[in-house]
Each structure stands twice: as C-alpha cells, then as structure tokens.
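Mapping the sequence shown onto the working numbering, position 357 (from 1) lands on 371, and the numbers just tick up by one.
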Amino acid sequence: MSEEQLLTTAEVAHRLRIKPETIYAYVSRGLLARVKVPGERTSRFRLADVERLAARTQGTRPERDTAATMRTATTLIAYGRLHYRGLDAAKLAPVTPFEEVARWLWTGQRRAERFAAPAETVDGARRAAAHLPAHARTFDRLPVVVALAAAMDPLRFDLAPATVVAIGPVLLATMVDALPLAGSAIADDHSLAARLWPRLTREPATVEGLRALNATLVLLADHDLAASTIAVRVAASTRANPYAAVLAGLGALDGPMHGAVGGAVHRMIESALRDGTAAAIAESLRGGGLPGFGHPRYPDGDPRAAALLDLVAPLPLPDGLRRTVDELIATALRRGSRPNVDFAVAVLAHASGMGPGAAEVIFAIARTAGWIAHVVEEYAQPSNRFRWSSGYTGPTPRSA
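This is the structure in structure tokens:
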C-alpha cells in the first residue's frame, strides 16, 4: 500500500474501532490530520497517520472484558484487503510459493524452500490413517496424521519459538504426503501444491492448475482471528503443544459454517450443472442461504475470490462449467452478494476434477501455516489468560 493512500471517515472508524464523531475529536486535538482532495467535499486521512494512531491507542486501551484480548501482528483485514505482515495476500498469491508465504507468516522473512518430513513419520501417519473406515472423508485423515506426527516428535513439548517454527514445515509436509494418492505423482516438482494435487484428483496437473492450487493455499493461509484460530490460541494459552493446538483448530474448522462450507458450495455447483442454475439456487435458498457468496469482512467483495477466479479462468473448464459459474455469480449479484473464496475454491475443484471434500482439505492444510504463526504469538503471552464470564442464566442457587 502506498504511504499516500487516503482513507474515508468510515474506513478510519472501522480501523480504529471508534465512532465517526471520535475521529473529529482526534482532529481537533491534533492527533489526526485531514487531507483535502480536489473535487471532493469530504476530507480524507493518510493511511500512515491512521496506522500510527492505531498503534498508539489500541496498544494502551484498557480491556472491557474479563478476559484478555487476542492481538496479532500476523494478519490484518482492513480497507477491503487481506494482509500478511503488511503484504497484500491477493498480490502474493499468483506469484509466490506457499512455502515462502508460510515462512513469512512465521518469521517475517521470505525464503523459498522445500518442506519435507522424515519418511518414518509419513509412513507411520499413512498407516494410522489407513485404519479409518472406507466411508471416511479425506479430511478425517488429517487429525489422525497430526496426532501421529505429534507422538513421533519427542520435542513436541519444547515451546521455544525456533522449535515451533521448525515443526511447521515438517507438519505441513506430513499432512500432505500421508494422504493417499488418487492420481500419478508429479515428477520434478517438490512444492506442496504439486504433492497435494494428485491426492485430490486423478486429472493430470498443468502449470496453470498448480499455480491456481498454490494460490489457493496462499489465500487461505490465515484470516485474522477466525473461529478455528481462536480455538488454536486458546489451546496454546494453556501451553498445549503445537500439534495439540492444530488439532483444536481442525475441530473448529470441521464445522459446516466454517471450513466445511466448501462441500456445500461444490454440491450447489454440481446441482446447477445437472439441473440448471435456477433449480440449484432455489434449493440452496430453501436450505437457508446461498453458500459461497457474501462475507461480512468484505462488504465490497472478497479479494481472495477475485484473485483465485482470475487464475481459474484460463483453465480448460468442463462443459457448461463456465456458463454455470457466470449464471450463479450474476444471480447472486442481483441479490446483492458477491462470490467469496469458498466459491472460487469450489470452481477450482470442479475445473480440476476434485471431489466435494477437496475444499476442506485444502483449507485445513493452508490454514495450518497461519495457526503455527498464532501459536508462536500465543506462547509469548501469559498462560491461561482467557477466562470469560459465563453469563449464567440458570436457576437461582438455593440451599438443599
């Protein structure tokens, strides 16, 4: 973002978590300067000035709740964009390896590298997950894989930042490599995206397809304090080891209103291809809503969806998919909703021959990178710091 980027009053109020009238108080006290823009009647404010004020006020503001507030230097959602340590995720996604973005989230340093795990860890995780019943989802294997990887790591209780960061590449590699192959392994490409592709689809990989899958991992790597990330940080606050904290995140992610929503979007597109767009939308609305559209953090549109759909567009899409996607988006726009990242991932899945369970697997593997960053942050905070008031609503206590 440019140093001279200018914000509206509404954007400043959202960033500082204050009412618009408080902004004018800051201006009158000399804490914030207005900028007059030729041709506009309203004032704007410099992004750099707002960020300096945010660091000053939000770092000292007393908490109103009985429990501590979670703060993070990892991810910021503001001005309609998603930023990883200050970098725009949607701009990183098309050109940056997922492994490099993960390292950036963990350390603030960018380094391209191969993520690998010991063969005995991968083999053990694969054998453990093989005991699941035939009807188990691919996602069901991930908690088993993480638990097995934890059991094989004698240093899992070492919570030092360097040790936790060293766990990240091994855990991510294990989560990918322990999944069963659906297609042929890709030679001469050791990226996580290339190793994940044949575990999600039998279709041969293309350069464009791998680029889109890598971008998906980048775009889903973190999203501020989403429900699963809160679960991870609460677990980390008790000093649960990093693997246990990731397991807490996987549990929350499995909810149909969080990571598992991708399956519903996939099935909606499948229904639209089979029965027509109108019938699919009617069925979805009858079920309570249109999955894959709208996001409360992005009222003007999810930038992750736009970035990913741009990468999916050049792919050779199956018959009718492009028209169906266009019709779904057009219908949703008439209702005032824009596609979110879940919709874009479902389109990629259909374009690549992936099943309805692929989206949640991609989501879980990608988000593990962000969870590791949050675990490192939480270990630096006082332990057991989250204790909210229960708001008891039961009967009045009385003597027996």
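From the three backbone atoms N, C-alpha and C, an ideal C-beta is built for every residue, glycine too.
Note on Leu30: 16 or more other CB atoms within 10 angstroms of its CB, so buried under the neighbour-count rule. Contact annotation: the segment 283 to 296 does not touch the segment 194 to 201, with fewer than three C-beta pairs closer than 8 angstroms. Inter-residue distance for Arg55 and Gly94 is about 23 angstroms (C-alpha atoms, whole angstroms). Shown here for Ala92: same chain residues with a beta carbon closer than 6 angstroms to its own, the five before and five after excluded, namely Arg29 in chain order.
Taking C-beta atoms as the reference points, Leu206 and Glu113 count as a pair closer than 8 angstroms.
With respect to Ala319, Phe377 sits apart: the two C-beta atoms are not nearer than 8 angstroms.
Of the candidates Asp102, Ala130, Ser351, Val221, Ser351 places its Cα closest to the Cα of Gly308.
If you draw a straight line from the Cα of Ala383 to the Cα of Glu35, it is about 39 angstroms long. Listed in chain order, the alpha helix (DSSP H) elements of length 4 or more contained wholly in the segment 176 to 259 are 206 to 214, 221 to 233, 241 to 251. In its chain, beyond the 5 residues on either side, Ser285 have a beta carbon closer than 7 angstroms to the beta carbon of Glu297. In this chain, Ile32 is not harboured by any beta strand (DSSP E), its DSSP state being neither H nor E. In this structure, Tyr393 is the residue among Gly265, Arg247, Tyr393, Ala344 with its C-alpha nearest to the C-alpha of Phe171. The DSSP-derived three-state label of Ser57 is strand. Distance from the CA of Val260 to the CA of Asp316, rounded to the nearest whole angstrom, comes to 26 angstroms. Distances from the alpha-carbon of Val178 to those of Leu119, Lys50, Pro147 put Leu119 closest. By the C-beta density criterion, Pro111 is buried, having at least 16 other C-beta atoms within 10 angstroms. The alpha-carbon separation between Val184 and Met166 amounts to approximately 12 angstroms. In terms of Cβ geometry, Ala142 and Leu173 do not form a close pair [threshold 8 angstroms].
Relative to Leu193, the option among Pro218, Leu169, Ala164, Val160 whose CA is nearest is Val160. In the DSSP assignment, His97 is bridged to Leu90, Asp102.
Exclusion of the five residues before and after Arg209 leaves Val190, Asp191 as the residues of its chain whose Cβ lies within less than 7 angstroms of its Cβ. Here the alpha carbon of Thr338 sits roughly 24 angstroms from the alpha carbon of Pro270. Around the beta carbon of Glu127, fewer than 16 other beta carbons lie within 10 angstroms, which makes this residue exposed.
Bridge pairing for Val49: Arg58 [DSSP].
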